[in-house]
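If you're matching positions, the sequence shown starts at 25 in our numbering and goes up one per residue.
This report refers to the structure that appears directly beneath it.
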Amino acid sequence: MPPSQWEYMILDVGVAGFFLGPSLDGDALTAKLNELGAEGWEAIGLTGMSIGQGRTKDLIVILKRARL
Numbered sequence: 025m026p027p028s029q030w031e032y033m034i035l036d037v038g039v040a041g042f043f044l045g046p047s048l049d050g051d052a053l054t055a056k057l058n059e060l061g062a063e064g065w066e067a068i069g070l071t072g073m074s075i076g077q078g079r080t081k082d083l084i085v086i087l088k089r090a091r092l
């Protein structure tokens, strides 16, 4: 039976290297998502936050889980 209510979390992932191009620590992000997944969180969306001219400041990961 599907849960009647969800709770949501926004994970703000900083992106470094604005002037040389964005870089992301993929291993650290994977570890964090696996940690949250073990707590019942599921990533349901991802968006980039721009600082203009196509440069990305942050990545925002949207997660949800059944309300406890």
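All residues carry an ideal CB built from backbone N, CA and C; glycine is no exception.
Annotated as distal: Met33 and Leu92, with beta-carbon spacing of 8 Å or more. The Cβ atoms of Leu83 and Leu70 lie closer than 8 Å to each other.
Residue range Gly50 to Ala62 is occupied by the alpha helix (DSSP H) that includes Leu57.
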